[in-house]
Structures are given as C-alpha cells and as structure tokens.
C-alpha cells in the first residue's frame, strides 16, 4: 500500500476542464459580442466609415451595460467573466476610441497625435485597473458607493468622441489642436480622483405608479436615439461633462457633513464619558502591560 499522499492534480484538472453551466456562458457571450463591435469599429474607421464606427462603439457600450446585469440576474457571475469584461472594456473604450480619433484628425500632428491617442488608451487601462482594485477596498464614507473615482471608461469613450458627433450634426469641425487638447483632458478625467456620481442606486426601487411612465420614457428615449443618434449623443455628452463639477460639489458637501457629524459625535461622547480611574495591574497582568490599555 502506498504511503504517499494523494495528489490533488486530478481534482484540479476536473475543476479546470469540467462542464460550465449555460448561465455562466450567457454574459460572457454578450461581452464577446461587445468586443466584436469594438474591433469592428476599428476596421470601419480605417475604411473611413466613421458613422458606422461610432455606432459600433455605442452598441458595445450598450452591451457592456447589460452583461453584468444579466450575469447577476441569472446568477452567472464568474471570475473569468470579470476578467474578460475588463479586457474587453480596455479594447472597446480605450484602444478603439483612440484609434478612431487618430485616423480621423489626430494623425495631422504625426507623433504628437499618436502620443495623445496612446495617453487616452493608457488612461483607460489605468482607470479599469484602479476600479478592479478598489472593489476590495471599501471607503470609510458610507455614501462613497454612490460615486465613481474618475470618469468611467465607457462614458469617457463616448464623451471623447464629442467632436465627431458635432460634425455629424452639421456643425463646423473644431480645430485639430482643440480635439487633441480635449482628448488629453478626457484622459486626465478618467485617471483623476474626481468623484463622479454613479447612479447605481438611481431607480433601484421603482414604485408601481412610476413603472409605466418609466417604461414609456425608456421607449421614447430609444426611439429618439435611433432617429437622431448624433444629436442625442452630443447633448448627452455635454450635459454629462457639465454635471461633473456638480457631482464634485455634492460629494464634498456630503463629506463635510459626515466629518462634522463624526467630530460632533466624538465630542459629545468624550464630554459625557466618565473620568477614567487608574487601577494598577496585578502581578498576573504585569507581563502583558505593553499590549493593554489600563
């Protein structure tokens, strides 16, 4: 009889190559469809079909917004899906918008334009990496979950393409220098510490009276987006960018109120606390005196 301990490798191999539930595959398929849309946008941009390229990015953003919700709804979350989603987001909302802008106008600046495109892509990568690491680092502020740190990568990608939306609705094209500066500004906003309202809890619970109007509004919004996509994206991007200072001010106001409440609570507690009475430690407690508070 062998005395060697049984190896766990067969069990690990069975777990690694075992069957995968369909509910886990569904959200990953949605993520891969979004990745296909992002990669197709690069090809369309190279071919000069900018409208289709922008439409593909918008489609990728829509799929990115539903894959996580679908995973939670059908209990199909997985570590693989989380990693795949981050990689797809980097391609769709970091690399693809940067290349589209470079092929469209930034190439006029040669190396400088390429550097600006790379900075945007790298900033998107850093933004996603920071988001992944902050999941396991909860803030001491109870309301911090309502805010992102920096502009999210998908919204940064949609906003950085604003100069192209304006051209598509018939407005004069902005100078290439302005487009380059705007690209760098959006890259900075993504990696900044700016608190940005996330809207995660907006509409988390909908009353029965508001359900029907909300559905009607959603249908109307989708219809308007399909009919006038560039107008909707232009106005939406400008409203979002204009709301960033408001989001910052709201966060600071809540933070000041929370800190003041904490300071006030500590002051009241210290004022009402009884005077500490010193009792010398016994011989049995003398040895652990350094680690105790007497």
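Residue numbers (the numbering used here): 182 to 475.
By construction, the Cβ of each residue, glycine as well, lies at the ideal position given by its N, Cα and C atoms.
Using a Cβ-Cβ cut-off of 8 Å (strictly less than) and excluding sequence neighbours within five positions of residue i, which residues of its own chain qualify?
| i | result |
| --- | --- |
| residue 200 | none |
| residue 213 | 265 and 269 |
| residue 439 | 322, 323 and 324 |
Thinking just about the alpha-carbon of each residue, which of the options is nearest to the one in residue i?
| i | options | result |
| --- | --- | --- |
| residue 332 | 434, 324, 346 and 306 | 306 |
| residue 282 | 263, 251, 303 and 226 | 226 |
| residue 241 | 335, 421 and 228 | 335 |
| residue 408 | 207, 297 and 350 | 350 |
| residue 272 | 322, 221, 232 and 284 | 221 |
| residue 356 | 290, 393, 415 and 425 | 290 |
| residue 325 | 429, 251, 245 and 254 | 429 |
| residue 348 | 365, 294 and 415 | 415 |
| residue 442 | 352, 261, 317 and 322 | 322 |
| residue 312 | 337, 208 and 267 | 267 |
| residue 411 | 403, 345 and 444 | 345 |
| residue 299 | 314, 274 and 315 | 274 |
| residue 314 | 211, 263, 436 and 232 | 263 |
| residue 284 | 445, 230 and 403 | 230 |
| residue 381 | 210, 250, 233 and 232 | 250 |
| residue 245 | 403, 320 and 210 | 210 |
Consult DSSP for residue i and reduce its assignment to one of helix, strand or coil.
| i | result |
| --- | --- |
| residue 154 | Outside the displayed range of the chain (182 to 475) lies residue 154, so it cannot be described from this structure. |
| residue 335 | helix |
| residue 291 | coil |
| residue 200 | coil |
| residue 318 | coil |
| residue 305 | helix |
| residue 444 | helix |
| residue 456 | Here the model assigns residue 456 a pLDDT of 49, short of 50, so the residue's position is not dependable and the matter cannot be decided. |
| residue 394 | helix |
| residue 381 | coil |
| residue 257 | coil |
| residue 467 | Unreliable placement is indicated for residue 467, whose pLDDT of 40 sits below 50; the coordinate value is still reported in the next sentence. Helix at residue 467. |
| residue 388 | coil |
| residue 323 | coil |
Tell me the residue span of the alpha helix (DSSP H) that contains residue i.
| i | result |
| --- | --- |
| residue 359 | 357 to 372 |
| residue 208 | 203 to 227 |
| residue 242 | 231 to 254 |
| residue 349 | 343 to 349 |
| residue 353 | It is not in any alpha helix (DSSP H) - residue 353 carries neither H nor E in the DSSP assignment. |
| residue 278 | 277 to 285 |
| residue 271 | 260 to 271 |
Tell me which same chain residues have a C-beta within less than 6 Å of the C-beta of residue i, skipping the five on either side of it?
| i | result |
| --- | --- |
| residue 329 | 377 and 379 |
| residue 432 | 328 and 376 |
| residue 418 | 340 and 343 |
| residue 205 | 257 and 259 |
| residue 304 | 368, 371 and 372 |
| residue 218 | 237, 240 and 241 |
| residue 426 | none |
| residue 301 | 279, 364 and 368 |
I'd like the span of the beta strand (DSSP E) that includes residue i, first residue to last.
| i | result |
| --- | --- |
| residue 376 | 376 to 378 |
| residue 329 | 328 to 330 |
Return the Cβ separation of residue i and residue j in integer angstroms, given the expectation that the two are a contact with Cβ distance under 8 Å.
| i | j | result |
| --- | --- | --- |
| residue 269 | residue 310 | Residue 269 to residue 310, Cβ: 14 Å. No contact. |
| residue 286 | residue 238 | 16 Å between Cβ atoms; not a contact. |
| residue 248 | residue 208 | 5 Å |
Might you give, ordered along the chain, the residues of its own chain that have their beta carbon closer than 7 Å to the beta carbon of residue i, omitting 5 neighbours on each side?
| i | result |
| --- | --- |
| residue 406 | 413 |
| residue 506 | This structure does not reach residue 506, given that the chain is present from 182 up to 475, and the question cannot be answered. |
| residue 297 | 287, 361, 364 and 365 |
| residue 235 | 342 and 345 |
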